[in-house]
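Protein chains: 4
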Amino acid sequence: MGIEFDKDRPIYVQLVERICGELVSGVRQPGDKLPSVREFALEVGVNTNTVQNVYKQLEQMQLTETKRGQGTFITPDILKIRSMREDLKRQLVDRFLNNVETMGFTQEEVLQTLKERGGI
Amino acid sequence: MGIEFDKDRPIYVQLVERICGELVSGVRQPGDKLPSVREFALEVGVNTNTVQNVYKQLEQMQLTETKRGQGTFITPDILKIRSMREDLKRQLVDRFLNNVETMGFTQEEVLQTLKERGGI
Amino acid sequence: MGIEFDKDRPIYVQLVERICGELVSGVRQPGDKLPSVREFALEVGVNTNTVQNVYKQLEQMQLTETKRGQGTFITPDILKIRSMREDLKRQLVDRFLNNVETMGFTQEEVLQTLKERGGI
Amino acid sequence: MGIEFDKDRPIYVQLVERICGELVSGVRQPGDKLPSVREFALEVGVNTNTVQNVYKQLEQMQLTETKRGQGTFITPDILKIRSMREDLKRQLVDRFLNNVETMGFTQEEVLQTLKERGGI
DNA sequence: GTGGTCTAGACCACT
DNA sequence: GTGGTCTAGACCACG
Chain A
1 MGIEFDKDRP IYVQLVERIC GELVSGVRQP GDKLPSVREF ALEVGVNTNT VQNVYKQLEQ
61 MQLTETKRGQ GTFITPDILK IRSMREDLKR QLVDRFLNNV ETMGFTQEEV LQTLKERGGI
Chain B
1 MGIEFDKDRP IYVQLVERIC GELVSGVRQP GDKLPSVREF ALEVGVNTNT VQNVYKQLEQ
61 MQLTETKRGQ GTFITPDILK IRSMREDLKR QLVDRFLNNV ETMGFTQEEV LQTLKERGGI
Chain C
1 MGIEFDKDRP IYVQLVERIC GELVSGVRQP GDKLPSVREF ALEVGVNTNT VQNVYKQLEQ
61 MQLTETKRGQ GTFITPDILK IRSMREDLKR QLVDRFLNNV ETMGFTQEEV LQTLKERGGI
Chain D
1 MGIEFDKDRP IYVQLVERIC GELVSGVRQP GDKLPSVREF ALEVGVNTNT VQNVYKQLEQ
61 MQLTETKRGQ GTFITPDILK IRSMREDLKR QLVDRFLNNV ETMGFTQEEV LQTLKERGGI
C-alpha cells in the first residue's frame, strides 16, 4: 500500500497535485466518480482525515462536486478542465525556465540534457 | 526586509536551495564568505536559528566550511561545485520530463510552450 | 527529571551517543518505537527542540525512521545495527590505544590497571 | 600551522588535555618553559586569547607557574606530576571499561579487538 | 564580531 | 498524540 511522498511538502498538497494531473492527463474523465475517502486513503496509505482534506481542496477549486450519499465526482465541465490543463502546462514550463535561468544554465546545455534524458 | 517564501515548504529548505543556486550559477564563488548568520537572517527576514539550520545543512552537504569565530565560507573545492551543478541540472530536467509525462502533455505542445514562454 | 551531562559537550551529541549505545547493547531492539519527543524531553530534562535535534541526527544516520503522526522507530535493518556495533567497538578501542600511546603509558601498566579496575 | 580539533568540544579544553598528556608522557619535563602565548598560538593555529585561557587553566590546576617577564613554567614538583599520571591512567581505563560495559561488549571481543588493533 | 547550543512557547500536518 | 518548523531571546567559545 502506498506511494512515496516528498518528505518536505504536505501530503495533502501532493495528493491534490496528483489528482489534478490525472484529470489533465485524462486518466480520470469529467463526470467520473472518485474513490471513496476510505478507499482512497487505503490505496495511497494515508489517514482518512488527510484524504478528506484533499477532497475539500478539490471542491474549493471547483474541480469536483460532492453528491450526498453518492460520492465525489469530477466536474463534467470540460472547459474548466481544458483551461486547467493549459494553466498547468504554462506553470510547469514557466517554473522550469525560471529555474534554468536562476541556475545559470545555458539553453544549449539544457537542450542537450533534455535530449539525453530521453525526452524532446 | 525579506523575500517571499513558498508557503508549503520549510523556509530553511528553500534557503538551502537558493544558496545552492547561487553557487551553481556563479553568483557566489568558491572561497567566498557567506553573510554572517545574523546578517543573513536580517536580510531575508527570518530568525537566526533558521539560518543556523540552513548553514548546518550546507556544511553537511560539504558545500561550505565554517571557521570558528570567522564565518562560513564556500568550499574552495571547485570539483564539488561542478558536480553539484551537473546533478542539479539533471534533477531539474528529470523532474520536468517526469511531470510532462504524468500530465500527459505531448512533446510538441511542450516544445511550443517552451518557445512561446521565451526560452529555448 | 534528568541525567547528568558532560558540561563540555553539546547535550544533543551526548544523547545521540547514548541512544546509539542502547541500540548496540540491545537495550533497544530493531523496530522498537523510541519515546515521543515530548516524553523523552521530559525524561532527560531537556527542551523538546533538543530532542528533535537528536532524533533528526539519528534519522540522518539511518538508524531510525519516522512515521508521520506515529512516532520514531528504530530501523528494522539488523545489518545496519551490527555494522554500527563493530564500528563503535573499533572506535572505542582505537581511541583508547591512541590515548595510551600519547600519554606514554606502557602496555604492562595499562593491562594491570585494567585488571585492578575490575575488567578484563 | 595547526592541528585538528574535535569539532564538538571547546578548543581550550582539548589543548589543556594535550599539554597534560605531554607532561605525563615526559615530552615536557618539570621546570621546562612552555612556549610563549603567541608562539603557541601560532604553532597550533589558534587565537592568542584561546591560549591565554589554556595557560590560565593550567595554572589553576597548579601544573604551571608564571614568572613575570620570564614566561610560564611547568611546576618542578615531580610528585604532583606523578600523581596526575596515575590519575589520568585510572581515568582513562575507567572510562574505557565504562564504555565497554554500557555498549554491552564482552570481555573476549574487546580483548580480541585490542590485539587486532595493534596494542596489548 | 563569528558560529553553536539551548530554552520557552507557538503553530502546523498527520494519525 | 506524533514529529516538524519557526520565533524570540539567552549564553558560550572563539577571533
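Heads up: the sequence lines are chains A, B, C and D, in that order.
If you read the first sequence in the working numbering, its first letter stands for residue 1, the second for the next number, and so on.
If you read the second sequence in the working numbering, its first letter stands for residue 1, the second for the next number, and so on.
If you read the third sequence in the working numbering, its first letter stands for residue 1, the second for the next number, and so on.
If you read the fourth sequence in the working numbering, its first letter stands for residue 1, the second for the next number, and so on.
By construction, the Cβ of each residue, glycine as well, lies at the ideal position given by its N, Cα and C atoms.
Only a predicted model underlies this, so the values are computations on that prediction, with no experimental measurement involved.
CB of residue i within 8 Å of CB of residue j, strictly
i	j	result
I58(C)	I19(C)	Position check: residue 58(C) holds Leu in this sequence, whereas Ile was assumed. Cβ atoms of L58(C) and I19(C): closer than 8 Å.
F73(A)	L114(A)	no
V110(B)	V110(A)	no
V24(B)	G104(A)	yes
Q91(B)	I120(A)	no
F96(D)	F96(C)	yes
V44(B)	I3(B)	yes
Q26(D)	T102(C)	Here the sequence assigns Gly to residue 26(D), which means Gln is not the residue at that position. Cβ distance not < 8 Å, so G26(D) and T102(C) don't count as in contact.
D87(B)	P10(A)	no
Residue i (DSSP reduced to helix, strand or coil)
i	result
T75(B)	coil
T64(B)	strand
K33(B)	strand
T106(A)	coil
V51(D)	helix
E4(C)	coil
V44(D)	helix
G118(B)	coil
V13(B)	helix
V27(B)	coil
Q57(B)	helix
Q70(C)	coil
Cross-chain neighbours of residue i in chain B, by beta carbon under 8 Å
i	result
L97(A)	L114, R117, G118, G119 and I120
E109(A)	K89
D32(A)	Residues of chain B passing the Cβ test: none, with the nearest at roughly 15 Å.
Test: residue i CB closer than 8 Å to a CB of chain B
i	result
F5(A)	no
P76(A)	no
G21(A)	yes
V13(A)	yes
Cβ shell of residue i (< 7 Å), same chain only, five flanking positions each side left out
i	result
V37(A)	T48, V51, Q52 and Y55
G31(D)	F73, I74 and P76
V46(B)	I11
Residue i at chain D interface by Cβ criterion, 8 Å
i	result
F105(C)	yes
Chain A residues whose Cβ lies nearer than 7 Å to that of residue i
i	result
S25(B)	T102, M103 and G104
Contact set between residue i and chain D, taken where Cβ atoms lie within less than 7 Å
i	result
R9(C)	D8 and R9
Residue i: contacting residues in chain B (beta-carbon distance under 9 Å)
i	result
L92(A)	F96, N99, V100, M103, F105, V110 and T113
Close-in-space but distant-in-sequence residues of the same chain around residue i (CB under 8 Å, 5 per side omitted)
i	result
K67(A)	F73
T64(D)	L34, Y55, L58, T72, F73, I74 and T75
Q29(B)	I74
M84(A)	C20, L23, V24 and L63
Beta-carbon proximity list for residue i, same chain, < 6 Å, skipping 5 on both sides
i	result
F40(D)	V51
Y12(C)	T50, N53 and V54
V100(A)	V110
V16(B)	V54 and Q57
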